[in-house]
Amino acid sequence: MPLEIITIPCRTDNYAFLVHNSDSGETALVDAPEFEPIKDVLDQNEWQLTDLLITHHHFDHIDAVAQLRDSYAPRVIGAKADAARLPDLDVQVADGDTLIVCGAECHVMDVPGHTVGHIAFHMPSTKAVFTADSLMALGCGRLFEGTPDQMWNSLCKIRALPADTLVYSGHEYTASNAKFALTIEPENNDLISRFRQIEIARKNNTPTVPSRLSDECLTNPFLRADLADVKSAIHMDGKSDEEVFAEIRKRKDNF
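First residue of the sequence shown? That's 5 in this note's numbering, and the numbers climb one at a time after it.
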């Protein structure tokens with residue numbers, strides 16, 4: 005039976021995600037931006053939180069860990085390499101590790117760039133990857149700690165997952181990301197169509213997360229920095245993929 009995944013809006017624009025196995029009763033949370041919205045969904049469904057997976061150390065992804073631990077005593081999982089900046093971890097993981105979460109395999113991916121200790125969690129049987137602030141819907145996280153080369157390599161790693169994978173990213177930034185993406189590829193018909201869909205979704209206060217990886221590959225400029233058409237569009241013919249990605253990231257920072 006496929007696992008159920010619920011997207012929970014938190015804070016101003018954050019998302020947390022609950023993963024539930026109805027057979028075993030296990031429930032996992034990916035990131036903990038705010039206690040009350042998460043508690044409300046758990047209580048409404050009468051679910052017990054068994055695991056809490058952390059993608060990176062920023063406060064808007066770990067702020068509720070202590071309260072959730074006090075209330076539900078979940079197993080807290082995070083990056084070994086960044087353990088000093090994370091809440092106390094019950095399980096420390098590294099790139100390539102495989103966990104069993106809610107009865108399913110969960111693969112750990114090292115995806116530095118936004119922070120140097122950022123990880124993602126891929127659950128292939130559920131066709132889901134939890135990317136937080138690495139790959140985002142029509143964007144990628146700002147490079148607070150890592151380098152453009154690191155982020156580009158991280159995005160390529162995620163891009164290599166199956167095309168029908170759903171990308172569960174950490175923020176509702178999609179509308180502004182779409183507006184920026186159109187400055188890079190104003191004639192991308194897939195992007196134009198997606199932009200219209202996003203406008204409708206946001207007018208109805210509908211989350212744009214998760215997104216399908218295949219759609220990201222067609223429309224997200226940060227995943228398309230190696231394409232000749234994109235390089236030409238920003239007058240960087242002949243430049244390396246990493247240089248083009250860095251330029252797109254620079255433009256987004258100033259957008």
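Backbone N, C-alpha and C define an ideal beta-carbon position, used for all residues, glycine too.
Here the structure is a predicted model, which is why all the values come from computation and not from measurement.
Ranked by Cα distance from R15, the options T119, E50, I81, P41 are led by P41. In this structure the region 88 to 103 does not touch the region 189 to 205; the number of beta carbon pairs closer than 8 Å is below three. Residue burial is scored here from C-beta neighbours: K183 has fewer than 16 other C-beta atoms within 10 angstroms and is therefore classed as exposed. Sorting T135, P116, D241 by C-alpha distance to the C-alpha of C110 places T135 at the top. By the CB criterion at 7 Å, P225 and A185 fall inside the cutoff. The alpha-carbon separation between D114 and K84 amounts to approximately 11 Å.
Boundaries of the beta strand (DSSP E) harbouring A132: 132 to 136, taken from the DSSP string. By the criterion of a C-beta distance shorter than 6 Å, V69 is surrounded in its chain by A36, P91, once the five residues flanking it on both sides are discounted. For the options I188, A250, N192, N181, the alpha carbon positioned closest to that of L222 is the one of N192. According to the DSSP assignment, S244 belongs to no beta strand (DSSP E), since it is labelled neither H nor E.
Per DSSP, the beta bridge partners of L56 are L33, V80.
With 16 or more other Cβ atoms inside 10 Å of its own Cβ, K235 counts as buried. Taking the Cα positions, I196 is about 42 Å away from Q52. The bridge partners DSSP lists for P166 come to none.
Burial is judged here by how many other beta carbons sit within 10 angstroms of a residue's own beta carbon; T210 has fewer than 16 and is exposed. When the five nearest sequence neighbours on each side are left out, the beta carbons in the same chain lying within less than 7 Å of the beta carbon of L227 are those of L159, R163, E220, C221, in order along the chain. For F21, no alpha helix (DSSP H) segment is defined; the enclosing uninterrupted segment is the beta strand (DSSP E) at 18 to 24. Here E38 has C14, R15, N18, A20, D67, A68 as same chain residues with Cβ atoms under 8 Å from its own Cβ, once five neighbours each way along the sequence are excluded.
DSSP places R216 in the strand class (E or B) of the three-state scheme. L142 and H126 have their C-alpha atoms roughly 19 Å apart.
In this structure, DSSP gives L147 a state outside helix and strand, which the three-state scheme calls coil. In this structure, H62 and T119 form a Cβ contact; the two beta carbons are roughly 7 Å apart against a cut-off of 8 Å.
With respect to the C-alpha of L147, the residue from D194, D257, I58 having the closest C-alpha is D257.
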